[in-house]
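Using our numbering, the first residue of the sequence shown is number 3, and each one after it goes up by one.
Ideal placement from N, C-alpha and C gives every residue a C-beta, glycine not left out.
One structure is given here, and the rest of the page talks about it.
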Amino acid sequence: MVFRQLFDPPSSTYTYLLADSGNGAAVIIDPVFEQVRRDAALIEELGLRLVYALETHV
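In structure tokens form, the structure reads like this:
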């Protein structure tokens, strides 16, 4: 299992990245639009493939 907690100071939002280390399927929870490049770079660096994005702050 892969778990990363990321933080965006301007919005005070925590973003979580969870993934199955076996098949690389990943979900990102509460992504911040302004941090898309950071998040995409991390997903690529870890060799994961994004399957789902979940937004709980609606």
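Going by DSSP, residue 38 is part of the alpha helix (DSSP H) stretching over 38-47. Spatial neighbours of residue 56 in its own chain (CB-CB distance under 8 angstroms, excluding positions within 5 residues in sequence) are listed in chain order as 29, 30, 31 and 32. Rounded to the nearest angstrom, the gap between the Cα atoms of residue 60 and residue 24 is 31 angstroms.
If you compare the alpha carbons of 10, 45, 39 and 58 with that of residue 27, the shortest gap goes to 45.
One alpha carbon belongs to residue 13, the other to residue 34, and they sit about 8 angstroms apart.
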